[in-house]
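K.L.:
Number of protein chains: 2
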Amino acid sequence: MKTDMSGDEFRRFGHEVVDWIADYLENNRDLPVMPQVQPGALEDALPAEAPEDGEPMEQILADFRSLVLPAVNHWNHPRFHAYFSVSASAPGILGEMLTAALNTNGMLWQSSPANTELEMVVMRWLRQWLGLPDRFFGMIHDTASLSTMHAIAAARVAAVPGVREGGAPANLVVYTSEHAHSSIEKGALSLGMGRNQVRKIATDDQFRLQPGLLQAAIKADRAAGLHPCCVVSTVGTTAVTSVDPVADIQQIADSEGLWHHVDAAYGGPAALLPEMRWMLDGAERADSLVVNPHKWLFTPIDLSAFYCRRPDVLREAFSLVPSYLRTDQDDRAVNLMDYGVPLGRRFRALKLWFVMRWFGRRKVEQILRSHIEWARELAASIAADDRFEICAPTPLSLVCFRLKGSDEANRRLVEEINRSGFAFLAGNVLGGRFMLRLAIGHVRTTREDVQAVWSRLQALAGSIASAG
Amino acid sequence: MKTDMSGDEFRRFGHEVVDWIADYLENNRDLPVMPQVQPGALEDALPAEAPEDGEPMEQILADFRSLVLPAVNHWNHPRFHAYFSVSASAPGILGEMLTAALNTNGMLWQSSPANTELEMVVMRWLRQWLGLPDRFFGMIHDTASLSTMHAIAAARVAAVPGVREGGAPANLVVYTSEHAHSSIEKGALSLGMGRNQVRKIATDDQFRLQPGLLQAAIKADRAAGLHPCCVVSTVGTTAVTSVDPVADIQQIADSEGLWHHVDAAYGGPAALLPEMRWMLDGAERADSLVVNPHKWLFTPIDLSAFYCRRPDVLREAFSLVPSYLRTDQDDRAVNLMDYGVPLGRRFRALKLWFVMRWFGRRKVEQILRSHIEWARELAASIAADDRFEICAPTPLSLVCFRLKGSDEANRRLVEEINRSGFAFLAGNVLGGRFMLRLAIGHVRTTREDVQAVWSRLQALAGSIASAG
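Protein sequences, first through last, are from chains A and B.
With numbering that gives the first Met the number 0 as the guide, the letters of the first sequence map in order to residues 0 to 467.
With numbering that gives the first Met the number 0 as the guide, the letters of the second sequence map in order to residues 0 to 467.
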């Protein structure tokens with residue numbers, strides 16, 4: 000009985016898919032970034048039931064192109080400027096192809112040594128790029144949400160040693176800034192801590208957590224009989240890419256005995272640049288840190304790098320084998336399942352290894368530096384156009400701006416640029432006012448792309464103003 | 000400045016990688032399944048630092064073949080019989096290639112409509128294959144560990160409505176069988192419930208949870224002032240693929256007001272077969288269920304299908320937007336980030352869509368049925384060889400057996416077959432005795448493969464006995 004495709008069939012369709020991907024990477028600037036579809040359109044276009052008999056791959060690929068693709072929002076398009084701009088580079092895609100074919104699960108060292116060891120290698124390489132000390136243990140999660148949830152769970156175990164057996168007390172408190180990513184609150188909520196146990200500390204005029212207010216909040220909570228256990232600082236907030244004062248926060252964490260987790264999911268890679276290394280000053284003493292190569296390091300989704308200075312606490316939080324029952328084993332044969340929730344572990348390290356080797360450090364620096372430069376150029380152009388205003392500093396590669404005038408005009412602006420298909424931006428409410436966010440980070444974005452988007456925005460601003 | 004590879008370069012290396020994969024899928028029977036490497040060998044063979052300047056893809060691919068591959072345990076080999084036997088079929092690999100190239104993130108409907116809608120479509124298709132009712136809301140997680148953690152978190156919110164704001168009380172209890180997967184205990188531990196709050200109910204002589212003992216444990220816990228909140232039944236346990244009496248457990252969950260989660264991660268797909276549909280009898284009334292297409296449905300790792308009859312409770316557990324603040328939106332534009340921990344969501348549905356369409360229901364049934372038949376044939380052959388004994392029934396496609404005699408002889412047997420490279424099996428301790436597990440589930444495994452492994456095991460048994 001024939002079960003899977005033959006090698007020849009795979010070769011034929013594999014080449015077809017590779018050619019399609021090559022064309023897509025070269026030419027997707029011609030596609031509308033955001034799809035023009037109504038909710039349910041794709042669902043309705045597909046059969047209500049899976050087929051009884053297998054269908055030819057020709058038909059499946061044809062349907063992919065004619066039905067699925069028109070409902071895709073093109074994150075891998077150089078003018079996708081919403082959220083954070085991410086990219087699947089060609090070397091990363093090649094890595095993913097091999098990961099899929101090998102289909103290994105690195106839950107244990109023995110279950111596939113290459114998975115665990117290559118993960119250790121790329122986590123060490125990246126740690127060096129970020130200038131973090133050797134004592135940071137690195138491992139890969141799917142998303143920063145999971146990395147941060149693991150950090151908060153570890154903080155809880157570090158604060159209350161009995162959690163492992165008896166469960167967590169209800170009086171633990173987590174601190175972060177009002178501009179922190181939703182994953183901190185989500186992590187606490189998921190862990191059963193409740194939203195009331197998350198304090199969102201106010202920020203200064205540059206949207207950075209104010210250490211004095213953090214200190215005061217901890218004091219007030221202690222006075223109320225609560226148990227402060229964790230603080231999360233952010234290097235590159237989602238709304239405006241502000242950078243919290245990591246060293247000052249670390250000092251408070253030290254004196255108060257709090258776990259300090261640094262959320263550098265987006266901003267982290269920029270610490271490769273000597274001129275941006277200041278962002279992580281103090282992080283070398285933090286307890287944990289997350290940085291996402293699938294954001295600003297050209298690695299296909301998903302790959303979140305999680306570092307922890309205290310892997311013993313991670314084991315205490317997540318290993319089902321209590322430390323007193325562990326048998327001696329070679330300490331290089333790490334079983335990564337013992338350090339987190341997921342048992343199954345896809346071979347994610349391979350694509351990052353491809354990316355880091357193919358680009359090399361110098362090229363990555365060059366590209367990141369140019370993204371930051373273009374963002375600052377764009378901010379200057381916007382500031383020079385008196386119809387517009389800049390809403391926040393541009394420390395990294397995100398520009399926050401708005402039309403002077405009503406929120407409605409700004410909402411129209413973002414809707415019209417998105418509907419045009421030329422670029423995709425997201426809006427956001429900051430300080431009660433609607434603003435636009437233009438994120439630069441795609442590996443194939445050029446200075447000309449950014450300038451062309453700005454020209455379109457200027458033209459739309461003119462037509463919105465005259466429509467009144 | 001040249002940033003990424005050109006389309007032509009990607010085309011060239013993409014074709015090379017496709018040709019390599021085609022050869023690998025056709026010929027990997029010739030590779031030793033388990034690698035012969037010492038811990039640290041791959042780490043030591045690779046540079047201590049990432050390169051300063053980019054390296055040619057030729058070199059990266061050469062190192063992949065000469066350094067990484069020898070440290071790979073070949074999960075995608077037809078004679079990988081350890082853990083559960085999984086497979087990345089060729090159509091699934093093609094789907095992964097396109098997922099990597101598109102690099103979309105389906106956190107919101109708007110962030111890529113195709114991601115959310117294709118996920119709804121394949122989850123519906125699979126629900127129909129499993130005979131589950133329409134009211135089950137389906138979504139994709141990476142692993143069953145995450146799916147089950149979400150189920151327990153939802154159970155907690157359903158039991159204690161205040162969890163969302165004020166945190167979880169310490170008296171909640173989760174029930175499962177002594178043969179349940181470690182992910183249930185891990186989930187409870189991660190959620191901060193503590194291991195003391197997980198009851199492992201004893202099983203009968205066929206390793207199935209005993210409903211009477213479950214009932215008694217609940218009663219004792221209530222008498223002690225605890226709050227029973229969740230029971231997890233298993234359809235295909237990891238050690239022996241036993242099937243818990245789902246309908247009886249559902250009845251207890253109903254009368255006691257417990258959340259009932261069904262862990263059908265491995266066994267679920269077999270419910271496609273009319274003769275195996277009994278396994279899920281009662282599951283139509285359960286609160287949640289997990290089945291992993293990346294186990295026994297030919298889909299590359301990772302893809303875990305999570306069904307929930309009460310999506311409102313999932314939202315209550317995980318959405319940062321409280322229900323009273325939700326704005327009206329089209330109910331077909333589901334934002335999947337509101338139903339779980341991870342914000343980022345890879346386009347995993349695409350590969351399952353490829354797999355379900357290319358195989359079709361009839362072919363999947365044929366393949367699963369043959370796996371079960373070969374497992375029963377093998378069990379009969381083993382039972383007929385008086386040097387061996389069968390350790391557990393064979394309801395699905397896993398055979399549990401041992402040499403009559405010492406644990407040491409059995410450990411030698413599994414070590415020798417693994418060291419030979421011909422097949423890879425895992426051992427396990429059951430009822431205090433070491434046994435071997437031979438799992439059948441790879442899409443390209445043949446009856447001849449299984450028979451050849453059995454012949455090797457018989458020959459090794461002979462040499463172990465004579466060395467004895």
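We put the beta carbon where it would ideally sit given N, CA and C, even for glycine.
Because the structure is a prediction, the values reported are computed rather than measured.
(1) Is the beta carbon of Asp243 (chain A) closer than 8 Å to that of Ser254 (chain A)?
(2) Between the alpha carbons of Asp385 (chain A) and Leu456 (chain A), how many angstroms are there, rounded?
(3) Just how far apart, CA to CA, sit Leu437 (chain B) and Thr202 (chain A)?
(4) Could you please give me the residues that DSSP links to Pro227 (chain A) through a beta bridge?
(5) DSSP state of Val36 (chain A), grouped into three classes?
(6) So Trp357 (chain B) contacts chain A; which residues on that side make the cut at Cβ distance below 7 Å?
(7) Run through DSSP, which three-state label would Lys218 (chain B) get?
(8) Take Ser380 (chain A) and list the residues in its own chain whose beta-carbon comes closer than 7 Å to its own, dropping the five residues that flank it on each side.
(9) With C-beta atoms as the reference, is Ile183 (chain B) less than 8 Å away from Pro210 (chain B)?
(10) Against chain A, which members of the stretch 282–303 of chain B pass a CB distance test of less than 7 Å?
(11) With DSSP collapsed to three states, give me the class of Glu315 (chain A).
(12) At a cut-off of 7 Å, is Glu25 (chain A) close to the ligand NAD when judged by its beta-carbon and the heavy atoms of the ligand?
(13) Check this for me: beta carbons of Gly94 (chain B) and Leu349 (chain B), under 8 Å apart or not?
(14) Nearest by alpha-carbon distance to His441 (chain A): which of A:His293, A:Ala451 and A:Arg331 is it?
(15) For a cutoff of 8 Å on Cβ pairs, would you count Arg64 (chain B) as touching chain A?
(16) List the residues of chain B whose Cβ lies closer than 7 Å to the Cβ of Tyr23 (chain A), in chain order.
(17) Less than 8 Å separating the beta-carbons of Ala383 (chain B) and Ile389 (chain B)?
(18) Assuming Arg28 (chain A) contacts Pro90 (chain A) under a Cβ cut-off of 8 Å, what Cβ separation, rounded to an integer in Å, is found between them?
(19) Let me make sure I understand the geometry here. Which of A:Glu42, A:Ser369, A:Asn72 and A:Glu57 has the alpha-carbon closest to that of Phe421 (chain A)?
(20) Just to confirm the assignment: which complete alpha helix (DSSP H) runs, minimum length 4, are found wholly within the stretch 130–213 of chain B?
(21) Which whole-angstrom value describes the C-beta separation of Arg360 (chain B) and Ala49 (chain A), a residue pair presumed to lie in contact below a C-beta threshold of 8 Å?
(22) State the start and end residues of the unbroken alpha helix (DSSP H) segment that holds His259 (chain A).
(23) Any Cβ of chain B within less than 8 Å of the Cβ of Asp448 (chain A)?
(24) Below 8 Å on the Cβ atoms is my guess for Leu412 (chain B) versus His80 (chain B); work out the distance and round it to an integer in Å.
(25) Assuming Ala44 (chain B) contacts Leu68 (chain B) (C-beta within less than 8 Å), just tell me the rounded distance between them.
(26) Relative to the C-alpha of Phe317 (chain A), which candidate in A:Arg347, A:Ala285, A:Ala152 and A:Ala378 has its C-alpha closest?
(27) Hey, is Arg314 (chain A)'s beta-carbon within less than 8 Å of any beta-carbon in chain B?
(28) What three-state label does DSSP hand Glu51 (chain B) in the structure shown?
(29) Check Arg401 (chain A) in the structure and name its three-state DSSP category.
(30) Taking DSSP as the reference, what is the three-state secondary structure of Val67 (chain B)?
(31) Since Leu272 (chain B) is in the alpha helix (DSSP H), which residue starts that stretch and which ends it?
(32) By the three-class DSSP mapping on this structure, what secondary structure does Ala348 (chain B) have?
(33) How many Å lie between Phe136 (chain B) and Leu131 (chain A) at the Cα?
(34) Can you tell me which residues form a DSSP beta bridge with Ser287 (chain B)?
(35) Counting only Cβ pairs nearer than 7 Å, list the residues of chain A close to Ala332 (chain B).
P.N.:
Taking the geometry as given:
(1) Taking 8 Å as the Cβ cut-off, Ser254 (chain A) and Asp243 (chain A) do not qualify as a contacting pair.
(2) Their Cα atoms are separated by approximately 13 Å.
(3) Using only the alpha carbons, I get a separation of about 58 Å.
(4) By DSSP's assignment, Pro227 (chain A) forms a beta bridge with A:Val172.
(5) Reduced to three states, the DSSP call for Val36 (chain A) is coil.
(6) By Cβ distance, chain A contributes Gly53, Glu54, Met56 and Ile59.
(7) Helix, per DSSP.
(8) Contacts found: Trp453.
(9) Not a contact, by the Cβ cut-off of 8 Å.
(10) Of all residues in the stretch 282–303 of chain B, Pro299, Ile300 and Asp301 have a Cβ within less than 7 Å of some Cβ in chain A.
(11) Helix, per DSSP.
(12) The ligand NAD is not among the ligands present in this structure, which contains no ligands whatsoever.
(13) Contact flag set, yes.
(14) From the listed residues A:His293, A:Ala451 and A:Arg331, the smallest Cα separation to His441 (chain A) is found for A:His293.
(15) The C-beta of Arg64 (chain B) comes no closer than 8 Å to any C-beta of chain A.
(16) Ordered by position in chain B, the residues that pass the 7 Å Cβ test against Tyr23 (chain A) are Ala100.
(17) No, they are not a contact pair.
(18) For Arg28 (chain A) against Pro90 (chain A), the beta-carbon gap comes to about 20 Å, at or over 8 Å, which does not count as contact.
(19) Among A:Glu42, A:Ser369, A:Asn72 and A:Glu57, the Cα nearest to that of Phe421 (chain A) is on A:Asn72.
(20) As far as the stretch 130–213 of chain B is concerned, its whole alpha helix (DSSP H) runs of at least 4 residues are 143–158, 162–165 and 181–189.
(21) Right, the Cβ-Cβ distance comes to about 6 Å (below 8 Å), so this counts as a contact.
(22) DSSP places His259 (chain A) in no alpha helix (DSSP H) but in the uninterrupted beta strand (DSSP E) bounded by Trp258 to Asp262.
(23) No, Asp448 (chain A) lies away from the interface with chain B (no Cβ there is under 8 Å from its Cβ).
(24) Their Cβ separation, rounded to whole angstroms, is 13 Å, which puts Leu412 (chain B) and His80 (chain B) out of contact at 8 Å.
(25) Rounded to whole angstroms, the Cβ separation of Ala44 (chain B) and Leu68 (chain B) is 12 Å, and the two are not in contact under 8 Å.
(26) Of the residues A:Arg347, A:Ala285, A:Ala152 and A:Ala378, the one whose Cα lies closest to the Cα of Phe317 (chain A) is A:Ala152.
(27) Cβ-Cβ to chain B under 8 Å: no for Arg314 (chain A).
(28) Per DSSP, reduced to three states, the secondary structure at Glu51 (chain B) is coil, with no helix or strand assignment.
(29) It is a strand residue.
(30) If DSSP states are grouped into helix, strand and coil, Val67 (chain B) belongs with the helices.
(31) From DSSP, Leu272 (chain B) is part of no alpha helix (DSSP H); its letter is neither H nor E.
(32) Helix.
(33) Taking the CA atoms as reference points, Phe136 (chain B) sits about 43 Å from Leu131 (chain A).
(34) Bridge partners of Ser287 (chain B) according to DSSP: B:His260 and B:Cys307.
(35) Result: Pro38.
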